[in-house]
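Report on the following structure.
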Amino acid sequence: MRGSGPRGAGRRRPPGGGGDPSSTPASLAGCYSAPRRAPLWTCLLLCAALRTLLASPSNEVNLLDSRTVMGDLGWIAFPKNGWEEIGEVDENYAPIHTYQVCKVMEQNQNNWLLTSWISNEGASRIFIELKFTLRDCNSLPGGLGTCKETFNMYYFESDDENGRNIKENQYIKIDTIAADESFTELDLGDRVMKLNTEVRDVGPLSKKGFYLAFQDVGACIALVSVRVYYKKCPSVVRHLAVFPDTITGADSSQLLEVSGSCVNHSVTDEPPKMHCSAEGEWLVPIGKCMCKAGYEEKNGTCQAPSPVTNVKKGKIAKNSISLSWQEPDRPNGIILEYEIKYFEKDQETSYTIIKSKETTITAEGLKPASVYVFQIRARTAAGYGVFSRRFEFETIPVFAASSDQSQIPIIAVSVTVGVILLAVVIGFLLSGRRCGYSKAKQDPEEEKMHFHNGHIKLPGVRTYIDPHTYEDPNQAVHEFAKEIEASCITIERVIGAGEFGEVCSGRLKLPGKRELPVAIKTLKVGYTEKQRRDFLGEASIMGQFDHPNIIHLEGVVTKSKPVMIVTEYMENGSLDTFLKKNDGQFTVIQLVGMLRGIAAGMKYLSDMGYVHRDLAARNILINSNLVCKVSDFGLSRVLEDDPEAAYTTRGGKIPIRWTAPEAIAFRKFTSASDVWSYGIVMWEVVSYGERPYWEMTNQDVIKAVEEGYRLPSPMDCPAALYQLMLDCWQKDRNSRPKFDEIVSMLDKLIRNPSSLKTLVNASSRVSTLLAEHGPLGSGAYRSVGEWLEAIKMGRYTEIFMENGYSSMDAVAQVTLE
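Take 1 as the starting number for the sequence shown in full-length UniProt numbering and just add one per residue.
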């Protein structure tokens, strides 16, 4: 249970001026009419307060609001001459329930006001908002030594709606309520009333409902309104998943994991989840839903494009059927290809699929005199549409000859042709095997795949394809990236500069789709062909990825100038800059949520067989929802002008501070070396963008890491996170965790926030900073002061000196104790 604590309980005031409140005029011209006559200060209070009562936020659910109850509240005052209900009406003549007590002239006051039974509706933590006014004891007649400027609030849990009449000592005290602002007789004259608002919370609750009680022990109070509510995370649709209304937990630091349901016509590989915070906010999104093939995301839902409807038969032979059709009325974008599915009638489990970029097709190799069923669907950038209805066509039968002898020449010719074709096919396959398979050489108008009982007969696994393996780089970019018309792009402002040109923000409006904010990289005028190839190479890589934690490529502009790469827009920019600007502004859970998103993106890349090689906070982008996305897939070109890079003896540039030892020494880049880099990113995030290894030179970093030095824990770092960093920095790359293990561990921490409360011991952190690892010895730093400055602890130099640590040798002897 939380509260601000008692303020002013039992305070004595020196004698002062002011009249007896019981003798103030009973009415005030200009105040709202009332069923019963009220003291002047109560009437003034209501006149001032009615305009300040605001509607509840959307994440709060009222259990009781005395301002909205039309009839009798059913509250009980004890004794009866204590708290008194003052009936007033607002501008719309709706009743307002106000309770006041002002027995300051009498000794030993103990006035109780008990509410009716309040159902908690399943909430385990409730809030009570009080709006009240209180008279300053200084403004009352002299000698009132018993005057108070506080009152008490209690509660009693009960499953029984008739359990209010219990003893006072059975109620549990919530808090002593004091006024931030009190009023005097001058305020009455000036009609300036000071309304106080105080909120307290109670939990955990274990029964169906409760009663509230307000105790006055000698104050002059008017209780204007009482609102009791609980908080919830309101129903929301995020990433095509519906998350229901969720009541917050009982603990103020508790996060509830909530599973989302994919909207209609959408599916997911990773179940969508979010976490409901104690304040009614959705945090840490995990996973997402994606529209099914043929459906397009629009306004949080999936709508399918119209199917192919007008299918006509063309030439039909005994072994083939030709078809043609018209483009769908609503294709949801430019149609990239059609997929034609066909099978022999009543043999649906064994079917064939042909892909074509034209609106005509000929299905060959069919049986004579057989009925075949055809279905066609279109594919756009949004995916596949739904299949058309079934169309049935029959092949021509074989007409029998007059004698068996007449069949011999036909059979002979058929066999001869078959042998020749077989020889050609075998020769082609052998030739292909000698020359090697090159995807760049294939650009078929049609592709055919055969399926049997749901299994493709030509299996293939989707993995990352290096664009540099293509003989024509232009083919790679057009295979993996969608071409966008320049007229669909509006450039609004320049937000940065890249190696090849300016980086801008703007808008993208594609036909049939809503306008999107986008980031636009442009290729500067006067580029060489190599620069163009390198520039578009990143798009060829990015276009192969589809994950909520990987920056999304919208498309490229290559057919007009300037050449552009268009991606989704991330409002908060690069993660390192964002963290520096917001130092210390996030909860540990929010930081872990950012790290979880980065790890999920890297797991996806690792599963695809892609090694990033330049994973760092500067290459992570973050949006307005604090979702982090891995970006910058052009290592070879980016590092050329990267100040963080350094030449190695084997040639090329490497971001030393983020790179694993084996990658520095032997250029051995793997997913395990990306895990090392991820550990550095963790350190950057928890330290809010601090520079790894501070002012050490790249050569000092290489030497230090090789000799066993590891970055110390950032300030206020949970021990579990720092241990994960150290695991990522294992010298043996086989001992480092995999990205799926990292994601799993972070999920566990998010589900159990209490595991993040244990911080790295301060003395342990200092010992990690010490010179026992070699690179911090006298060879690297000339003095203790220089070392402390390097690790951003220069303010402690005098303390070290005063305690006898005047040399690096002395510092190196410091133990954990």
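For each residue, glycine too, the CB sits at the ideal point set by N, CA and C.
Just so you know, these numbers come straight off a predicted model, no measurement behind them.
Unbroken stretches of the beta strand (DSSP E), 3 residues or longer, contained in the UniProt domain "Fibronectin type-III" (304-398): 311-316, 320-325, 337-344, 350-356, 360-364, 371-380 and 391-394
Sequence-distant residues of the same chain with beta carbon closer than 7 Å to I656, five excluded per side: A646, I664, N698, V701 and I702
Beta strand (DSSP E) segment containing W676, residue limits: Careful: W676 lies outside any beta strand (DSSP E), inside the alpha helix (DSSP H) at S671 to V686.
Start and end residues, alpha helix (DSSP H) containing N474: P473 to F480
C-beta contact flag for I354 and I335 at 8 Å: no
Whole-angstrom distance between Y796 and residue 824, CA atom to CA atom: One cannot answer for residue 824 here, as it falls past the ends of the chain, which runs 1 to 817.
Paired residues, beta bridge with C147 - DSSP: The partner list for C147 (beta bridge, DSSP) is empty, contrary to what the question assumes.
H468 (DSSP reduced to helix, strand or coil): helix
Three-state secondary structure assigned by DSSP to K731: coil
Option in K194, R533, M153 and N319 with minimal Cα separation from E471: R533
Whole-angstrom distance between Y722 and G601, CA atom to CA atom: 21 Å
Sheet register partners of V518 (DSSP bridge): G506 and E568
Proximity to N549 [Cα-Cα], best of V630, D607 and P753: V630
A179 (DSSP reduced to helix, strand or coil): coil
Proximity of V61 and Y229 at Cβ, strictly below 8 Å: yes
Whole-number beta carbon distance between C233 and A280, since they are thought to touch under 8 Å: Reading the sequence as shown, one finds Gly at residue 280 and not Ala. G280 to C233, Cβ: 5 Å. Contact.
Reduced DSSP secondary structure (H/G/I, E/B, other) of N698: helix
Beta carbon of L626 nearer than 8 Å to that of Q590: yes
Residues bridged to K232 [DSSP beta-bridge criterion]: I247
Other residues of its chain near A250: CB distance less than 8 Å, five sequence neighbours each side excluded: S124, R125, G203, P204 and L205
Neighbourhood of S540 by C-beta distance below 7 Å, restricted to the same chain and skipping five residues each side: P467, A476, V477, F480 and A481
Residue environment, G708, which counts as buried when at least 16 other CB atoms sit within 10 Å: exposed
CB of Y342 within 8 Å of CB of A378, strictly: no
For N138, the three-state DSSP class (helix, strand or coil): helix
Cβ pair T463, V518 closer than 8 Å: no
S320 versus T380: straight-line alpha-carbon distance, rounded: 28 Å
Reduced DSSP category for V592 - H, G, I as helix; E, B as strand; rest coil: helix
Residue from D607, I128, K653 and F578 with nearest C-alpha to N619: F578
Alpha helix (DSSP H) segments (min. 4 residues) lying fully within the stretch 526-560: 529-542
Where L726 falls: helix, strand or coil (DSSP): helix
Rounded separation between Y384 and M564 - CA only: 27 Å
Closest residue to I209 among L240, R135 and S119 (Cα-Cα distance): The sequence as given places Gly at residue 209; Ile does not occur at that position. Answer by Cα proximity: S119.
Simplified DSSP assignment, three categories, for S606: helix
Boundaries (first-last residue) of the alpha helix (DSSP H) holding K580: L575 to K581
Short Cβ contact (8 Å threshold) for A222 with F78: no
Integer-rounded CB distance, given that E129 should sit under 8 Å from R227: 4 Å
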